[in-house]
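*Asks:*
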Amino acid sequence: MTACTALALQMETRAVNAAADPRAAIRAAIGRIAEQVGGSKAWLGRDLRLVVLPEYVLTGFPMRESFAEWRDKAALDPGGPEYEALAGIAARHEVYLCVNAYERDEHFPELYFQASVILSPQGAPVLRYRRLHSMFTPSPYDVWERYLEVYGIDGVLPVARTEIGNLAVLASEEILMPELARALALRGAEVFCHPTSEASSPALTPKAIARRARAAENLAYVVSANSGGLRGIPIPGDSTNGGSEVLDHQGRVLAQAGAGESLVAAAELDVGALRRLRRRPGMGNLLSRVKTGLWAEEYARHDGERPGGLSQGARDRAWFAARQAEAIERLYGPGDQSGSEGPDT
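No gaps in the numbering here: position 87 of the sequence shown is 1020 in the working numbering, and each next residue is one more.
#1: Should the stretch 1120-1139 be regarded as contacting the stretch 1085-1103, the criterion being three or more beta carbon pairs within less than 8 Å?
#2: With a threshold of 8 Å on Cβ separation, who are the neighbours of residue 996 within its own chain once the five nearest residues in sequence on each side are excluded?
#3: Distance, Cα to Cα, residue 1092 vs residue 1120?
#4: Compute the minimum distance between the beta carbon of residue 1150 and the heavy atoms of the ligand PLP, and state whether it is under 8 Å.
#5: Considering only residues of the same chain and omitting the five flanking positions on each side of residue 1150, which have a CB-CB separation below 6 Å?
#6: What residue from 1038, 1050, 1069 and 1004 has the CA that sits closest to residue 1255's CA?
#7: Applying the 10 Å Cβ sphere with the 16-neighbour rule, what's the burial state of residue 1183?
#8: Report buried or exposed for residue 1063, applying the criterion of at least 16 other Cβ atoms within 10 angstroms of its Cβ.
#9: What are the boundary residues of the alpha helix (DSSP H) that residue 972 is part of?
#10: Indicate the three-state DSSP secondary structure (helix, strand or coil) for residue 1123 in the structure shown.
#11: Sort out for me which residues DSSP pairs residue 1157 with in a bridge.
#12: Measuring only the C-alpha atoms, how far is residue 1260 from residue 1240?
#13: Going by DSSP, what residue range makes up the beta strand (DSSP E) through residue 1058?
#14: According to the Cβ coordinates, are residue 1111 and residue 1061 closer than 9 Å?
#15: So, is the C-beta of residue 1199 closer than 9 Å to a C-beta in chain B?
#16: Could you give the residue range of the alpha helix (DSSP H) that holds residue 1000?
#17: Once you ignore the five residues that flank residue 1237 on each side, which residues in its own chain have a CB closer than 8 Å to its CB?
#18: Helix, strand or coil: how does DSSP classify residue 1290 here?
#19: For residue 988 versus residue 1129, is the C-beta distance shorter than 9 Å?
#20: Work out the CA separation of residue 958 and residue 1223 for me, nearest whole Å.
#21: Grab the span of the alpha helix (DSSP H) containing residue 1098 for me, first residue to last.
#22: So, using beta-carbon positions, are residue 1152 and residue 1198 closer together than 9 Å?
#23: Which of the three DSSP states is assigned to residue 938 in this structure?
#24: Compute the beta-carbon to beta-carbon distance between residue 1089 and residue 1041, rounded to the nearest angstrom, for a pair I have assumed lies under 8 Å.
#25: Counting pairs of beta carbons, one from the stretch 1159-1174 and one from the stretch 1079-1086, are three or more of them closer than 8 Å?
#26: From the DSSP output, in three-state form, read off residue 946 for me.
#27: Expressed to the nearest angstrom, what Euclidean distance is found between the alpha-carbon atoms of residue 1251 and residue 1146?
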């Protein structure tokens, strides 16, 4: 089957930061997911085969919690009861279900990762991707040598080959990172699942522009699920509300949701047609024209964010900001004292 319906299911996020019983709140979120996936399947029909949920739909995100506090409060165990319940939803409704959550890892007991997991219609995980670009959350790059030793590069950049197409994940702001999408496309990705929780607007935002670019430059579909509102923290709740969308391989919007909880962002993905296009010579076949050797050499010349920063254990929030400042200075040189963000001249 190379044609199916995909849904970016726009759901409200209820943060657990101040919850009296965070685990009960997570279970309640899973219950709402079960209801809405079931309702969406009944509404959209049996061709619905892929459902993408918003970023951190189970918990919200950490505010001022330490690594240990947030890991205990909100992080799941791979193979734990929450994932078992989500796998049951995927199996019951015969869909591939992409869920974004914080999770623990026995190999890195002091940390947690933001993970995107795709569960199959058989209830099995077929992809586990840990977000690589994050301002204040640990990533595999922060424990790089050990992470590669445990999971290998295929565990860092996974692509799931399924009967509905080759699936990969770009989490939230990673849609702004063209290198990641290109690497996954070169590995065969045909559909980018994009769980996000972002500021939405009737005007094009940077992430909305990037979704169109990532789709067109990689000849890939993008299924982007945004939050349908955010409750439980002191941020205006409708700041991240609306704009979930499905885009085709030319960056055209096939469907887009307004505000609130919604199943409107649903459209057919014709992966068979996409595969024929990717094999057709011409100027538009951009993947076949990428000069990988050139860019590998050029990127190696630049000293940006360095790997392994958390290899000795957890750090506080200030360390992440300091790391970015150091990378900026390496890239652009020391700044002047006038407050200018540009390099010295």
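Where a beta carbon is used, it is the ideal one built from N, C-alpha and C, also for glycine.
*Replies:* Put simply:
#1: yes
#2: As a working note, residue 996 is residue 63 in the sequence shown. Contacts found: 950 and 1166.
#3: By one-based count along the sequence shown, residue 1092 stands at place 159. By one-based count along the sequence shown, residue 1120 stands at place 187. One C-alpha to the other measures close to 7 Å.
#4: The model on display carries no ligand, and the ligand PLP is accordingly not part of it.
#5: Here residue 1150 is taken as the residue at index 217 of the sequence shown, counted from 1. Around residue 1150: 1219.
#6: Here residue 1255 refers to the residue found at position 322 when the sequence shown is read from its first residue. The shortest C-alpha separation from residue 1255 is found at 1069.
#7: Residue mapping note: residue 1183 aligns to position 250 of the sequence shown, counting from 1. Exposed, because fewer than 16 other Cβ atoms sit within 10 Å of the Cβ of residue 1183.
#8: Along the sequence shown, read from residue 1 onward, the residue named residue 1063 stands at position 130. Answer is buried; the Cβ neighbour count reaches 16.
#9: Along the sequence shown, read from residue 1 onward, the residue named residue 972 stands at position 39. From DSSP, the alpha helix (DSSP H) with residue 972 extends over 955-977.
#10: Position 190 of the sequence shown holds residue 1123. Here residue 1123 sits in coil by DSSP.
#11: Counted from its first residue, the sequence shown places residue 1157 at position 224. Residue 1157 is bridged to 1127 and 1178.
#12: Here the question's residue 1260 lines up with position 327 in the sequence shown. Here the question's residue 1240 lines up with position 307 in the sequence shown. So the alpha carbons of these two residues sit roughly 12 Å apart.
#13: Taking the first residue of the sequence shown as position 1, residue 1058 is located at position 125. Where residue 1058 is concerned, the enclosing beta strand (DSSP E) stretches over 1058-1063.
#14: Sequence index remark: in the sequence shown, residue 1111 carries index 178 (1-based). Sequence index remark: in the sequence shown, residue 1061 carries index 128 (1-based). Not a contact, by the Cβ cut-off of 9 Å.
#15: Of the chains in the structure shown, none is chain B; there is only one protein chain.
#16: Numbered from 1 along the sequence shown, position 67 holds the residue referred to as residue 1000. Here the alpha helix (DSSP H) through residue 1000 covers 1000-1007.
#17: If you number the sequence shown from 1, residue 1237 lands on position 304. Hits under 8 Å: 1260, 1263 and 1264.
#18: Past the boundaries of the shown model lies residue 1290; the chain is included only from 934 to 1278, so the question cannot be answered.
#19: Working through the sequence shown from its first residue, we reach residue 988 at position 55. Working through the sequence shown from its first residue, we reach residue 1129 at position 196. Yes. Within cutoff.
#20: Within the sequence shown, residue 1223 is the residue found at index 290, counting from 1. Within the sequence shown, residue 958 is the residue found at index 25, counting from 1. C-alpha separation (whole angstroms): 46 Å.
#21: Within the sequence shown, residue 1098 is the residue found at index 165, counting from 1. Note, residue 1098: premise wrong, no alpha helix (DSSP H); beta strand (DSSP E) at 1098-1102.
#22: If you number the sequence shown from 1, residue 1152 lands on position 219. If you number the sequence shown from 1, residue 1198 lands on position 265. Their beta carbons are not under 9 Å apart, which means residue 1152 does not touch residue 1198 by this criterion.
#23: Position 5 of the sequence shown holds residue 938. In the structure shown, residue 938 sits in a strand (DSSP, three-state: E or B).
#24: As a first step, residue 1089 must be located in the sequence shown, where it is residue number 156. As a first step, residue 1041 must be located in the sequence shown, where it is residue number 108. The pair is not a contact, with the Cβ atoms about 14 Å apart (cut-off 8 Å).
#25: no
#26: Locating residue 946 in the sequence shown gives position 13, where the first residue counts as 1. If DSSP states are grouped into helix, strand and coil, residue 946 belongs with the strands.
#27: For the purposes of this step, residue 1251 is identified with residue 318 of the sequence shown, where counting begins at 1. For the purposes of this step, residue 1146 is identified with residue 213 of the sequence shown, where counting begins at 1. Distance between the alpha carbons of residue 1251 and residue 1146: 33 Å.
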